[in-house]
Amino acid sequence: MKIEQYIAQLLYRYQCVTVPGFGAFLTEIQSARLNESLNSFSPPTKRLAFNSNLKNNDGLLANHIALAEKTSYEYALSAIQYEVFNMKKALDENEILSFKNIGEIRLNADKNIVFSPYDQINYLTSSFGLTPFISPMLKREIFEKEIEIIEENATITMVADSKKTANPYLKYAAIFILALGVSGSVGYTLYQNQIASEKILVETAVQKQVQNKIQQATFFIESPIPAVTLSIKSDKEVKMSYHIMAGVYREEKNANKTLRNLNRLGYDAKRIAPNKNGYYPVLYGSYATFAEAEKARKEINIKHNPDAWILIESL
């Protein structure tokens, strides 16, 4: 089972999606951004992060998978634990975990988890349909050149007028051109003020639209699925579908060594067929009901192996 598709579905609705035993994917609302140097605008978005310290099961992911797969909560939780086991194994072998539409996880030189989010998907539903865009610059050069030409003409006419005072019509022409230059300068100032006012109005409107905050949700299951006890008739073979996993090994000799050690400790241990990745699983034992397996798992977690978990599968 690939759980990244279910994680991605939940990221649209919640701020925190925890993978039990592995870590939590977190989202943070990022406001719209206006880059004046590039004339680009980016809509509000959810920025993704990962925290490996948040490992406790809140029931959100397992319950979502159970509903989507139409299966039990216990089976969904077991499937998550199996995926987590494989992910930790891959990280220990310096592999990169790729979560589709979410990001990549790897270990650095200090064995710390490093998360690199993808930015192709925006998980903020209120920004649905909005994409970044670049606005062309306002062309002001032509208007400025016209003002300069008018001012130069006005200066030249006034100088000519001072030399030829005998012609009264030139005096009126100089006054007219001067008035035209002054009006052009005032018009240019008003134009600049109008552009600045419109820019402030646009920025204010954008900030008002993107300042909504989402309250952090607390997730819990109000009606957890109760344990089911199967009533098996004595004339039918009892199916052992609940197994406590001791470990999964790349080399068969290591699996056989663990099997012998568990048998010496008194466990009804056994090996099962290699999984799809070629690893060799070893079991502490198998049980007919989830209640029996859960009770045995708790004892094993306390006495022998805190990482033992339950696999639900008909072998």
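In my numbering, the protein residues as written are 2 to 316.
Using N, Cα and C, we set each Cβ at its ideal position, and we do this for glycine too.
None of the values given here were measured: they were computed from a predicted structure.
Secondary structure at H65: helix, using DSSP grouped into helix, strand and coil.
Assignment of I135 by DSSP, reduced to helix, strand and coil, places it in the strand class. DSSP, read as helix, strand or coil, puts M241 in coil.
Less than 9 Å separates the beta-carbon of N255 from that of Y281. Here S79 carries a helix assignment [DSSP, helix/strand/coil]. Note that the C-beta distance between I30 and L125 is below 9 Å. In terms of Cα proximity to Y13, the closest of N306, Q82, N102, I313 is N102.
The C-beta separation of I311 from R298 comes to about 6 Å, placing the pair in contact by the 8 Å criterion. Here the alpha carbons of I135 and S79 stand approximately 48 Å from one another. Judged by DSSP secondary structure, Y281 falls within the beta strand (DSSP E) whose first and last residues are 281-288.
The C-beta distance from A50 to I66 rounds to 22 Å, too long to meet the 8 Å contact threshold. Residue state for K71 is assigned as coil, using DSSP reduced to three classes. Excluding five sequence positions before and after R251, the CB atoms of its chain that fall closer than 7 Å to its own CB belong to Y280, given in chain order.
Closest by C-alpha distance to H305, out of A247, Y243, T46, is A247. The DSSP-derived three-state label of A274 is coil.
By the criterion of a C-beta distance shorter than 6 Å, L260 is surrounded in its chain by A270, R272, V283, once the five residues flanking it on both sides are discounted.
CA-to-CA, the gap between Q16 and Y83 works out to about 25 Å.
According to the DSSP secondary-structure assignment, T46 is paired through a beta bridge with Q31. DSSP, reduced to helix, strand and coil, places I311 within a strand of the structure shown.
Taking a C-beta distance under 9 Å as the contact criterion, L68 and N52 do not qualify as a contact pair. If the five residues before and after Y7 are omitted, its C-beta is found closer than 7 Å to the C-beta atoms of L62, H65, I66, A69, all from its own chain and listed in chain order.
Of the residues D308, V249, I245, the one whose Cα lies closest to the Cα of A289 is I245.
Cβ neighbours of N278 within its own chain (closer than 8 Å, five residues either side excluded): N87. Nearest C-alpha to S315 among S242, K258, Y268: S242.
Assignment of L12 by DSSP, reduced to helix, strand and coil, places it in the helix class.
For the options Q10, E295, Y285, I81, the alpha carbon positioned closest to that of P21 is the one of I81.
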